[in-house]
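The structure appears right after this line, and notes come after that.
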Amino acid sequence: MANALIPAKTAIQTFRDAGYKNTASAVAELIDNSIEAKAKDIQIITFEEAVFQGARTTYRINELAVYDDGGGMPPSVLEICLQFGNGTRLSSRSGIGRFGIGLPNASVSQAKRIDVYSWQNNECYHTYLDVDEVSNGDLDEVNPVTRKELPQEWKQTIEGGVQESGTLIVWSKCDRLDMARSRTLFTTLSKDLCRIYRHFLDDDNSYGKKVKIRLVEASKEMLLGNMEKKITPLQANDPLYLMTPNNIPEFETKKTNMLHGNIVSFPVRYNEDGDTANVEIRFSIALPETQTLGGGSLLGQHYRRNTGISFMRAAREIDFGTFGYFNSQDERERWWGCEIRFEPKLDELFGVTNNKQAVRGVHYIDEKEFKKEHADDWEDMLKDDLKLLLRMQLSKYFYQNHKEMWNIIKGRGAGKRGDSAKERAASDKSTRIANQELEGLKTPTRSAEIGQKKSGDEKVVEWRDRLLESDSSLLTDEAAAVAKEKVDLIIEKDFSAWPGSQFFSIEIIGGTCVLVINRKHPFFSDLYEPIMDADDDKYIEALDLVLMAYARMEDELYSRNDELDEIRDIWGRHLKTFLLKLKDEA
1 MANALIPAKT AIQTFRDAGY KNTASAVAEL IDNSIEAKAK DIQIITFEEA VFQGARTTYR
61 INELAVYDDG GGMPPSVLEI CLQFGNGTRL SSRSGIGRFG IGLPNASVSQ AKRIDVYSWQ
121 NNECYHTYLD VDEVSNGDLD EVNPVTRKEL PQEWKQTIEG GVQESGTLIV WSKCDRLDMA
181 RSRTLFTTLS KDLCRIYRHF LDDDNSYGKK VKIRLVEASK EMLLGNMEKK ITPLQANDPL
241 YLMTPNNIPE FETKKTNMLH GNIVSFPVRY NEDGDTANVE IRFSIALPET QTLGGGSLLG
301 QHYRRNTGIS FMRAAREIDF GTFGYFNSQD ERERWWGCEI RFEPKLDELF GVTNNKQAVR
361 GVHYIDEKEF KKEHADDWED MLKDDLKLLL RMQLSKYFYQ NHKEMWNIIK GRGAGKRGDS
421 AKERAASDKS TRIANQELEG LKTPTRSAEI GQKKSGDEKV VEWRDRLLES DSSLLTDEAA
481 AVAKEKVDLI IEKDFSAWPG SQFFSIEIIG GTCVLVINRK HPFFSDLYEP IMDADDDKYI
541 EALDLVLMAY ARMEDELYSR NDELDEIRDI WGRHLKTFLL KLKDEA
């Protein structure tokens with residue numbers, strides 16, 4: 001007698017350990033099947049039981065089920081639905097499913113018994129898989145499909161009643177769930193599922209048709225009428241922040257980002273015959289008023305959890321992360337989003353894993369470095385290596401758009417602003433201290449001398465124009481209102497960018513001495529920004545006061561302005577050289 005290619009009793013444990021990183025990723029496989037079955041209502045149901053530990057009673061999940069009102073499975077499909085490596089969509093390249101391992105692999109990764117009920121025209125059939133039976137050598141073939149009514153307890157539990165067709169998958173003997181209690185498990189499930197299925201949860205049906213997905217907490221007390229079910233509908237978690245409705249606290253019906261640039265769309269060749277499929281890349285950037293709220297706000301914290309690039313396959317997120325494209329440690333990276341959409345035909349190029357949890361081999365590649373390293377044959381390499389060509393294209397489009405968005409994000413300036421002109425013009429602590437200490441001093445200054453020659457209206461216009469130049473989010477009337485709050489300042493701080501060696505300059509706006517810090521100098525990127533991003537503001541405040549003290553010194557010694565300008569230039573040149581050397585040796 002020939003030996004089995006895959007001995008069931010030993011292989012089943014291997015299948016249990018195969019690659020599902022958490023309960024959410026396993027549940028997602030079942031949701032994929034429901035969406036493929038054209039379900040409109042999907043419910044993830046937990047059933048808790050009491051566990052007695054001495055005098056203490058706790059509750060833990062006894063069963064977890066996924067119900068849908070889709071088309072249901074006929075007995076011929078039900079016969080193979082729990083067979084590993086088999087399925088009805090193995091050659092499909094048009095939808096979410098394809099790999100033939102989702103239902104059995106995902107299920108045994110979380111539970112020891114799986115019961116599947118499926119019905120069409122109210123005629124229900126059942127099959128099951130029990131890990132213990134397989135491990136004990138009692139079973140090496142799929143169980144038969146039998147006619148069986150849906151158990152009454154599940155009929156009672158399913159919210160809204162059972163439809164004439166659908167499927168219910170029940171996990172019992174749940175020994176590998178992330179959490180033992182429904183509430184804590186649902187909290188972790190929501191974090192992943194709301195983002196993975198966001199295009200099925202929003203009101204836009206152009207990419208993913210809307211489906212109702214709900215979390216339902218049930219118990220025996222509920223069946224007895226002593227407790228109500230707890231129902232939590234999932235809301236879209238969109239890292240592009242363009243969807244409504246969404247799950248952002250206080251912004252559930254609002255878009256807090258705007259689309260950046262045009263949608264990037266390009267064909268990708270995926271075989272030697274020259275066949276192509278499209279890839280689309282969308283970028284978004286936070287609205288100015290969104291970024292103004294700052295990283296410490298509830299909205300800013302929501303953005304922090306969504307810092308990354310999202311890879312979407314057939315409207316379903318496959319993977320999310322940095323992939324070497326940017327530095328996620330910089331807080332400001334949270335203020336943009338990127339979504340890369342591709343068709344299932346490109347699965348091999350994107351390295352989609354068979355459990356649809358990841359893309360592989362699509363990390364960022366530096367085009368200049370690559371061409372430098374392969375100066376003689378890079379063109380031939382790109383012709384022969386389709387995956388390398390895809391990486392090069394993704395990296396190029398990301399680099400171009402990220403650079404544009406990054407300049408906008410940085411250019412919006414430091415600090416927080418409110419909505420009113422007074423709030424927008426409010427000085428930070430260091431600027432307030434400097435102005436308080438300088439008030440009343442009689443020392444002649446260049447700024448005072450120049451300011452005396454201008455009318456109040458002229459000063460407001462100068463400030464208005466400067467504000468419009470540095471902050472594109474301001475309207476002209478808003479800028480004028482802010483300018484009126486600025487004109488009486490003795491000294492102020494601002495940011496700009498210019499080439500050259502000076503890491504700051506001194507300007508007179510209206511009658512105010514303005515310290516302008518150069519964002520293009522290593523001083524800003526290597527010292528000022530890191531201090532500004534630190535948790536404790538006292539360090540950036542102290543540095544600001546050091547620089548403003550120097551600016552005031554120049555303002556008082558204005559008769560030697562040419563010498564001071566040269567000093568600033570020489571100082572900045574040496575500082576740039578020293579900082580670049582420091583970076584090289586880091």
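The sequence shown maps to residues 1 to 586 in full-length UniProt numbering.
Even for Gly, the Cβ is constructed at its ideal location relative to N, Cα and C.
Quick caveat, the model's predicted, so the values are computed rather than measured.
Out of the options, which one is the CA nearest neighbour of residue i?
| i | options | result |
| --- | --- | --- |
| Glu510 | Val487, Phe523, Phe495 | Reading off the sequence shown, one finds Gly at residue 510, where the question assumed Glu. Ranking the options by Cα distance to Gly510, first place goes to Val487. |
| Leu564 | Thr577, Leu575, Tyr550 | Tyr550 |
| Asp204 | Thr187, Pro233, Glu228, Asp238 | Asp238 |
| Thr290 | Met312, Ile248, Lys520, Gly324 | Ile248 |
| Glu339 | Lys155, Arg214, Phe283, Lys403 | Phe283 |
| Glu478 | Val460, Thr146, Leu64, Thr244 | Val460 |
| Val359 | Met312, Asp275, Ile365 | Met312 |
| Arg305 | Lys191, Asp275, Ser447 | Lys191 |
| Arg316 | Val77, His302, Pro344 | Pro344 |
| Leu441 | Ile491, Val352, Leu580, Leu579 | Ile491 |
| Glu250 | Glu458, Gln502, Glu369, His302 | His302 |
| Ser219 | Met179, Thr253, Trp154 | Trp154 |
| Leu168 | Asp132, Ser118, Asp130 | Ser118 |
| Thr23 | Ala497, Leu242, Thr188 | Thr188 |
Would you kindly report the start and end of the unbroken alpha helix (DSSP H) that includes residue i?
| i | result |
| --- | --- |
| Trp171 | No alpha helix (DSSP H) contains Trp171, which is instead part of the beta strand (DSSP E) from 166-172. |
| Met392 | 386-411 |
| Ser310 | Unbroken run through Ser310 is the beta strand (DSSP E), 309-313; no alpha helix (DSSP H). |
| Glu339 | Counting along the chain, Glu339 falls outside any alpha helix (DSSP H), though it belongs to the beta strand (DSSP E) covering 336-342. |
| Phe266 | Careful: Phe266 lies outside any alpha helix (DSSP H), inside the beta strand (DSSP E) at 264-269. |
| Ser427 | No alpha helix (DSSP H) contains Ser427, which DSSP labels as neither H nor E. |
| Asn33 | 23-36 |
| Arg305 | 298-305 |
Excluding five sequence neighbours on each side, which residues of the same chain lie with their C-beta closer than 7 Å to the C-beta of residue i?
| i | result |
| --- | --- |
| Lys387 | Leu349, Gly361 |
| Asn401 | His260, Gly261, Phe283 |
| Ile567 | none |
| residue 593 | Missing from the structure shown is residue 593; the chain here goes from 1 to 586 and no further. |
| Glu149 | Cys124 |
| Lys371 | Trp378 |
| Val268 | Thr276, Ala277, Val279, Leu346, Leu349, Leu390 |
| Val374 | Looking at the sequence shown, residue 374 is not Val but His. Cβ neighbours of His374 beyond the five flanking positions: Met381. |
| Gly572 | Ser501, Gln502, Phe503, His521 |
| Pro74 | Gln120 |
| Glu221 | Met227 |
Looking only at its own chain, which residues have a Cβ that is under 6 Å from the Cβ of residue i, when we skip the five neighbours before and after it?
| i | result |
| --- | --- |
| Tyr173 | For the record, residue 173 in the displayed sequence is Lys; it is not Tyr. The answer, listed in chain order, is Ala111, Lys112, Arg113. |
| Glu123 | none |
| Arg176 | Gln110 |
| Asp115 | Tyr128, Val170 |
| Glu29 | Gly102, Ala106 |
| Glu79 | Val145 |
How is the beta strand (DSSP E) around residue i delimited, first residue to last?
| i | result |
| --- | --- |
| Glu49 | 41-53 |
| Gly324 | Careful: Gly324 lies outside any beta strand (DSSP E) and carries neither H nor E. |
| His126 | 123-130 |
| Ser284 | 276-286 |
| Ser118 | 113-120 |
| Asn62 | 56-68 |
| Leu259 | 257-259 |
| Arg560 | No beta strand (DSSP E) contains Arg560, which DSSP labels as neither H nor E. |
For the ligand MN, I want to know if residue i counts as a neighbour, meaning its beta carbon is within less than 7 Å of at least one of the ligand's heavy atoms.
| i | result |
| --- | --- |
| Leu30 | Questions concerning the ligand MN fall outside what the structure shown contains, since it holds no ligand whatsoever. |
Can you find the residues in the same chain that come closer than 8 Å, C-beta to C-beta, to residue i, ignoring five residues on each side of it along the sequence?
| i | result |
| --- | --- |
| Leu21 | In the sequence on display, residue 21 carries Lys and not Leu. Result list for Lys21: Gln357, in chain order. |
| Leu489 | Ser427, Thr431, Asn435, Thr512 |
| Val142 | Glu79, Ile80, Leu82, Gln83, Thr127, Leu129 |
Inter-stretch contact at 8 Å, needing at least 3 Cβ pairs: the region 528-537 / the region 554-564: no
The region 33-53 contacting the region 67-76, beta-carbon criterion three pairs below 8 Å: yes
Touch test, the region 190-206 against the region 49-64, Cβ-Cβ under 8 Å, three pairs minimum: no
Contact between the region 214-223 and the region 155-169 (3+ Cβ pairs under 8 Å): Segments in contact, yes.
Inside the region 485-537 only - alpha helix (DSSP H) runs reaching at least 4 residues: 529-532
Inter-stretch contact (C-beta, 8 Å, three-pair minimum) for the region 218-227 and the region 257-275: Fewer than three pairs of CB atoms, one per stretch, sit closer than 8 Å, so the region 218-227 makes no contact with the region 257-275.
Alpha helix (DSSP H) segments (min. 4 residues) lying fully within the region 154-235: 182-196, 220-223
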